[in-house]
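Residue numbers (the working numbering), protein chains in the order written: chain A, 42 to 297; chain B, 42 to 297; chain C, 42 to 297. Even glycine gets a Cβ: it sits at the ideal position worked out from N, Cα and C. To start, the structure under review is shown below, and the notes come after it.
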Amino acid sequence: LLTDFGTIDPYVASMKGVLLSRADNITVVDITHEIAPQDVMGGAMVLAEAARWFPPSTVHIAVVDPGVGTAREPIAVRSGTHLFVGPNNGLLALAVRHPEEVRVLSAPDIQLASVSRTFHGRDLFAPAAAFLLRGRALADVGPPLDELCPLPLPPLRTLGDGSVEGEVLHVDHFGNLVTSLRAIDLPPTFEHIRLEGSHRAIPFGTTYSSVERGELVAYVGSAGWLEVAVREGSAAALLNARRGARARVVVQRGAR
Amino acid sequence: LLTDFGTIDPYVASMKGVLLSRADNITVVDITHEIAPQDVMGGAMVLAEAARWFPPSTVHIAVVDPGVGTAREPIAVRSGTHLFVGPNNGLLALAVRHPEEVRVLSAPDIQLASVSRTFHGRDLFAPAAAFLLRGRALADVGPPLDELCPLPLPPLRTLGDGSVEGEVLHVDHFGNLVTSLRAIDLPPTFEHIRLEGSHRAIPFGTTYSSVERGELVAYVGSAGWLEVAVREGSAAALLNARRGARARVVVQRGAR
Amino acid sequence: LLTDFGTIDPYVASMKGVLLSRADNITVVDITHEIAPQDVMGGAMVLAEAARWFPPSTVHIAVVDPGVGTAREPIAVRSGTHLFVGPNNGLLALAVRHPEEVRVLSAPDIQLASVSRTFHGRDLFAPAAAFLLRGRALADVGPPLDELCPLPLPPLRTLGDGSVEGEVLHVDHFGNLVTSLRAIDLPPTFEHIRLEGSHRAIPFGTTYSSVERGELVAYVGSAGWLEVAVREGSAAALLNARRGARARVVVQRGAR
């Protein structure tokens, strides 16, 4: 389960109650319910990183859904040995790189008798996931769909001197900054990384311990994205950087 | 499990350890541990909404207990196919509308050898729930009690012009305001809803998408209470409204 | 599981995915993921208090690890019927008073194929725990180690008049102050407790209900440490006290 519902309210527990009422012998695991309200991008990133570690036959339910009650389709998707259930708004697009089968959730027997317009998590997504967890076929949830709605990732920009620029996509619990730049995006040789709004040249290393305590370092994180961190500190606080800040990998003239 | 213990401390995990030590093959599910400290009303609302989605034979443990160590009785209650364990202080009163059997927890073999005066969650409620989860009879936990302590809901007030007034009972994670007004309390025709301290007339709709982004709407939520929300925003922030604020459903003269 | 990872990010769920992928029929329980970042002392206290309530054969994974990627050893420890997996930095030292067998995690088949330098929780500790949960021998994880790294507890100081002084180790969710003083440390007769920076004499009682609402009381908590609380309030707020504040148990001249 991944949502932006928080854990203060009855929402998440209601979904779990529906799951446990409709499927036996399941293990329910929370990825997180602390996605910022309606932050489809943040939800997509966290889902993509966490989902890949789960065992075969896992059914992932993801709900970050600004459009609940409107026309976006509720879907279920097969990707390898996993199934994903959620809104078709880009949330599933990073976790599911190569969708093998996409279906719109519309069969009457996968829904609660009375589907509310505001709580598809409980009334539609949870019962649909329980239906699949009981071993029912994906083909039975509803008609096929050709395409999965993509997530609009910020463009990779290449500057005149060969430097490349992306964005901070996510600020994690430790103040580490996850950027939209992947290892494959990096120029073959480069000097350092800079964050919008700061003059600091951030060196590239392989781990926190490449630098002294309190110092900045950039590295390719365990999820494959370029990240910026402070050893035993918060890069977000030190650089005053937020989601959306531009991150530049700088190729200096002198270094070419 | 529903408590006001938070998840920073060892309290909740200690309860789970006791449960798993004393009952086999159980699934432990958190409703929430983020009830405001000692907010029996908020706990009662969240418990009532979440509990009804769980499967038969569920044992709910709820602990929001300002009176721990004093004279309020620890109880277990049967309601339909569910059992509830907690303090008799009103916390269970919304979830259990028609108690079928109420018992005081007093049998020695349902308690830890040494019951602390400050942590009944671990020392009394968790072992009592494990006792019931092992299939032991409710009658064996202690003597019967005639009544369940009620929760003092704010009164429904009817004004001279037929308008009705309740209170904001709960502010959820999204800033939605849950009021003490139920669908059955609403006048047959009414103009709009007003919140104490604001001049805005809030229209009544069926869902968020009845209105434009950033606009206010009132509707009967999935739990049956009148709620006030802002589409893709926070009603609590926009109206500067808190728990306890008066909420009025206005019948205007001209509309009669 | 106990970590300082928070629940916003994919870290904890990734660990659970690895556990569930590599061990069958396990129940995963969160102690907390809200230990303050890199607070080994706070983590050690919460782990020690919560771990003792779990059933035999529990494997505890604890990760609060400022030194990840450096020379501190990753270890597994047997203590009674429990196993503990984590960094050898003092985090396990309060939960494991009498280690029976300590091993360094180094066997290749207990690690993920590619161990990242920044995420031992997922790449090393979770697979090592899964290895042990599958019933494999502790001796197979790696070579033995003679000693467990101790946790530097603040010293118990005895003053000229027989008063004793310790420190606030932990401030809990309710604002209760947990000190480094244990029941065994208290002088046979004493007058009251004082906290650094406050002139209030805090009486010793047996429970919250020894005093009126809003009043201070000190007592030996359910974990065996001297705690200071305000009945239905926050001692941390009232005394403006934080972790590290000195706590003195005062033997007054007149009382001897």
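Within the stretch 162-179 of chain C, no residue has a Cβ lying closer than 7 Å to any Cβ of chain B.
Look at P128(C) here: in three-state DSSP terms it is strand. Exclusion of the five residues before and after S251(A) leaves V258 as the residues of its chain whose Cβ lies within less than 6 Å of its Cβ.
For F46(B), the C-beta contacts it makes with chain C under 7 Å involve H214, in order along the chain.
Taking C-beta atoms under 8 Å as the contact rule, G201(C) and P228(C) fail to qualify, at a distance of about 13 Å. Under the Cβ distance rule, P107(A) counts among the residues neighbouring chain B, one pair being separated by less than 9 Å.
If you check each beta-carbon in the stretch 60-91 of chain C against every beta-carbon of chain A, the ones closer than 7 Å belong to L61, S62, P78 and Q79.
Contact with chain C is found for E273(A), since one of that chain's Cβ atoms lies less than 9 Å from the residue's Cβ. Going by C-alpha positions, A282(C) is about 14 Å away from I234(C).
For P168(B), the uninterrupted alpha helix (DSSP H) segment begins and ends at A167 to L174. In the displayed model, S221(C) falls within a strand according to three-state DSSP. Of the candidates T122(B), I116(B) and P140(B), I116(B) places its Cα closest to the Cα of N129(B). By the Cβ test, the stretch 68-75 of chain B is in contact with the stretch 43-55 of chain A, since at least three Cβ pairs between them sit closer than 8 Å. Under the DSSP assignment, L279(B) falls in the alpha helix (DSSP H) whose first and last residues are A276 to L280.
When the alpha-carbon of H211(C) is set against those of G84(C), S147(C) and F166(C), the nearest one is in G84(C). Taking 8 Å as the upper bound for CB-CB distance, V290(A) and F231(A) are in contact here, some 5 Å apart. Identification of residues in the stretch 243-257 of chain A having a C-beta nearer than 8 Å to some C-beta of chain C yields T247, T248, Y249 and S250, given in sequence order.
Annotated as distal: V205(B) and F166(B), with beta-carbon spacing of 9 Å or more. Between G238(C) and the set A278(C), L132(C), T99(C) and F215(C), the nearest pair of CA atoms involves A278(C). Under the DSSP assignment, S120(A) falls outside any alpha helix (DSSP H), being part of the beta strand (DSSP E) whose first and last residues are P115 to S120.
Shown in chain order are the members of the stretch 91-102 of chain A whose Cβ falls below 7 Å from a Cβ of chain C: A91, W94, F95 and P96.
One Cα belongs to E188(C), the other to E268(A), and the distance between them is close to 36 Å.
Around the Cβ of I151(B), a 10 Å sphere holds 16 or more other Cβ atoms; the residue is buried. Around A54(C), the beta-carbon contacts reaching into chain A at under 9 Å are L43, V70, D71, I72, T73, V87, E90, A91, A92, W94 and F95. Taking D213(B) as the centre and dropping the five residues before and after it, the same chain places the C-beta of V219 closer than 7 Å to its C-beta, in chain order. By the criterion of a C-beta distance shorter than 7 Å, A92(A) is surrounded in its chain by H101, H123 and A136, once the five residues flanking it on both sides are discounted.
A straight line joining the alpha-carbon of P196(C) with that of L236(C) spans about 16 Å. For V87(A), the enclosing alpha helix (DSSP H) stretches over residues V81 to A92. Beta-bridge partners assigned by DSSP to G207(A): A288(A). Boundaries around A54(B) are those of the alpha helix (DSSP H), Y52 to R63, since no beta strand (DSSP E) includes it. Just measuring C-alpha positions, the residue of V118(C), M86(C) and V104(C) sitting nearest S98(C) is V118(C). About 6 Å separates the beta carbon of S221(A) from that of L194(A), a gap short enough to meet the 8 Å contact definition. In chain order, V81, M82, A85, G131, L132, A134 and L135 place their CB closer than 8 Å to the CB of L192(B), counting only its own chain and leaving out the 5 sequence neighbours on each side. Think of a sphere of 7 Å around the beta carbon of G285(A): no beta carbon from chain B falls inside it, the nearest being about 18 Å out. Straight across, the Cα-Cα distance linking F172(A) with F160(A) is about 18 Å. In the displayed model, I49(B) falls within coil according to three-state DSSP, outside both helix and strand.
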